[in-house]
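Asks:
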Amino acid sequence: MSTTGEAGNKKALAVLGLVLATLCWGGNSVAARLSIGEIQPFTLSFWRWAIVFCLLIPFTARQVSKEKDIIFKHKGKLVVLAITSISAFNTLLYLAAQSIPAVNVALIQVGLPFVCIVLSIPLLGVYPKKAQSAGLLVAAIGLLAIFSKGDFNVLLALDFGRGDMIMLLAVVIWALYTVLLKRFAIPLSGHVLLTVCVGVGVVFIAPFYVWEFLTQGGFEINAATVFLLAYVTVFASVVAYLSWNYGVGILGANQASMFNFLIPVFSALIAIPVLGEGLQNYHLLGGGFIFAGLWLFNKR
209 MSTTGEAGNK KALAVLGLVL ATLCWGGNSV AARLSIGEIQ PFTLSFWRWA
259 IVFCLLIPFT ARQVSKEKDI IFKHKGKLVV LAITSISAFN TLLYLAAQSI
309 PAVNVALIQV GLPFVCIVLS IPLLGVYPKK AQSAGLLVAA IGLLAIFSKG
359 DFNVLLALDF GRGDMIMLLA VVIWALYTVL LKRFAIPLSG HVLLTVCVGV
409 GVVFIAPFYV WEFLTQGGFE INAATVFLLA YVTVFASVVA YLSWNYGVGI
459 LGANQASMFN FLIPVFSALI AIPVLGEGLQ NYHLLGGGFI FAGLWLFNKR
């Protein structure tokens with residue numbers, strides 16, 4: 209196979225991985241809404257990653273041992289990646305979902321690619337091209353169409369409060385993780401990187417989980433909580449993070465960040481059967497703009 213062909217296949221797999229990751233995270237947003245009244249935010253975050261670590265370590269322990277020299281060499285960078293990706297982002301998302309409507313969460317997530325691009329300028333020395341800037345604008349219009357239900361006057365009535373600020377902080381932290389993942393370029397295999405980040409991330413979540421348990425108590429083990437933990441553990445964690453890390457490694461932070469526009473789209477598609485929400489014309493209109501924006505952004 210030619211070098212060009214191999215590069216094309218890698219890019220195609222990277223795109224597939226990023227789409228799969230955003231699909232899983234779209235479901236995670238729905239799970240966050242379903243968890244209200246079932247599992248507290250810090251508790252959900254802690255047990256999510258504790259279970260993930262227990263699932264990963266039997267399969268990755270040998271490779272982790274083989275790559276331990278690389279791990280110790282980059283331990284400071286790995287702690288930063290663990291805190292931003294595992295400890296902070298998801299916990300903040302679960303916290304935000306407790307107090308703000310879905311439209312606010314979705315609109316704030318629109319800013320993620322923009323934050324990635326801004327951070328990429330000083331951290332990676334990467335500047336957006338004209339086509340990429342146009343793609344960002346088109347995709348943003350699509351998302352705004354979806355979450356304003358086609359009435360852009362709705363945007364003027366939004367009241368950003370404490371929950372909105374928590375979600376905004378989560379977006380900034382995830383953008384930082386995405387950019388640093390490319391900047392650090394730690395030569396670890398994907399499953400080892402995920403295992404280490406999860407293990408370290410759980411340690412930093414633990415004190416908050418203990419505080420929440422002592423002040424609010426635990427959660428009831430029932431069909432709903434088991435389903436929530438199973439989904440956020442397997443799909444929103446293992447599958448999504450391995451796919452995302454692979455895609456970022458191939459395409460870079462800026463291109464990868466554009467795929468975050470798909471998360472709210474997938475959230476809406478999953479919410480239709482799960483939460484009983486109907487598909488409207490503005491979903492189709494907005495989705496068309498988003499995919500057009502992705503095409504523009506990735507156009508050579």
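Following this note's numbering, the numbering of the sequence shown begins with 209 at its first residue and continues without gaps. All C-beta atoms, glycine included, are put in the ideal place defined by N, C-alpha and C. Because the structure is a prediction, the values reported are computed rather than measured.
Using only the alpha-carbon positions, how far apart do L384 and A215 sit?
Replies: Going by C-alpha positions, L384 is about 27 Å away from A215.
Asks: Return the first residue and the last residue of the alpha helix (DSSP H) that H491 is part of.
Replies: 489-506
Asks: Return yes when the Cβ of L301 is within less than 8 Å of the Cβ of A378, no when it is not.
Replies: yes
Asks: Where does G460 sit, in a helix, a strand or coil, going by DSSP?
Replies: coil
Asks: Is I394 near G235, with beta carbons less than 8 Å apart?
Replies: Not a contact, by the Cβ cut-off of 8 Å.
Asks: What does the alpha-carbon distance come out to for the pair Q424 and F250?
Replies: Looking at the backbone, the Cα of Q424 and that of F250 are separated by about 11 Å.
Asks: Alpha carbon to alpha carbon, how far is L263 from Q248?
Replies: 22 Å
Asks: Check V334 in the structure and name its three-state DSSP category.
Replies: Under the three-state reduction of DSSP, V334 is assigned to coil, being neither helix nor strand.
Asks: Could you say which of V410, L332, K338, F267 lies nearest to A258 if we only look at CA atoms?
Replies: V410
Asks: Under three-state DSSP, which class holds H282?
Replies: coil
Asks: A229 and G455 - do their beta-carbons sit closer together than 8 Å?
Replies: yes
Asks: Indicate the three-state DSSP secondary structure (helix, strand or coil) for S445 in the structure shown.
Replies: helix
Asks: Would you mind listing the alpha helix (DSSP H) stretches within the region 238-311 that are 4+ residues and don't spill past its ends, in chain order?
Replies: 249-274, 276-281, 283-290, 298-305
Asks: What are the boundary residues of the alpha helix (DSSP H) that L389 is part of?
Replies: Membership of L389 in the alpha helix (DSSP H) is indicated by the continuous run 370-392.
Asks: Our contact map puts I498 next to L470 with C-beta atoms below 8 Å; I'd like the distance itself, whole angstroms only.
Replies: Taking C-beta atoms under 8 Å as the contact rule, I498 and L470 qualify, at a distance of about 7 Å.
Asks: Just to confirm, are A305 and L504 a CB contact at a threshold of 8 Å?
Replies: no
Asks: Going by the beta-carbon positions, is the gap between R241 and V440 smaller than 8 Å?
Replies: no
Asks: Under a Cβ-count criterion, where at least 16 other Cβ atoms within 10 Å of its own Cβ denotes burial, should T417 be classed as buried or exposed?
Replies: Checking the displayed sequence, the identity of residue 417 turns out to be Tyr instead of Thr. Result: buried.
Asks: For I316 and D372, what's the separation of their Cα atoms in angstroms?
Replies: Spanning the two alpha carbons is a distance of roughly 7 Å.
Asks: For G426 and G245, I'd like the C-alpha separation in whole angstroms.
Replies: Their backbone Cα atoms lie some 12 Å apart in a straight line.
Asks: Taking only the alpha-carbon atoms, compute the straight-line gap between F467 and E275 and give it to the nearest angstrom.
Replies: 30 Å
Asks: Could you tell me the boundaries of the alpha helix (DSSP H) in which S475 lies?
Replies: Annotation for S475: the continuous alpha helix (DSSP H) segment containing it runs 470-483.
Asks: Could you check which residue in W452, A347, I458, M375 has the C-alpha nearest to that of A493?
Replies: For clarity, residue 493 is Leu in the given sequence; the question names Ala instead. Nearest to L493 by alpha-carbon distance, out of W452, A347, I458, M375, is A347.
Asks: Between I381 and A296, is the Cβ-Cβ spacing less than 8 Å?
Replies: yes
Asks: Can you check whether the CB of I278 is closer than 8 Å to the CB of L388?
Replies: no
Asks: Which value, in whole angstroms, describes the spacing of the CA atoms of V400 and T268?
Replies: Put simply, the backbone Cα of V400 is about 6 Å away from that of T268.
Asks: CB G495 to CB L344, shorter than 8 Å?
Replies: no
Asks: Measuring CA to CA, which of G358, N298, G333, H282 is closest to Q488?
Replies: Nearest C-alpha to Q488: G358.
Asks: I'd like to know whether the C-beta atoms of G398 and N361 end up nearer to each other than 8 Å.
Replies: With contacts defined by Cβ atoms closer than 8 Å, G398 and N361 do not form a contacting pair.
Asks: Go to G409, then tell me how far its alpha helix (DSSP H) extends in each direction, as first and last residue.
Replies: 398-424
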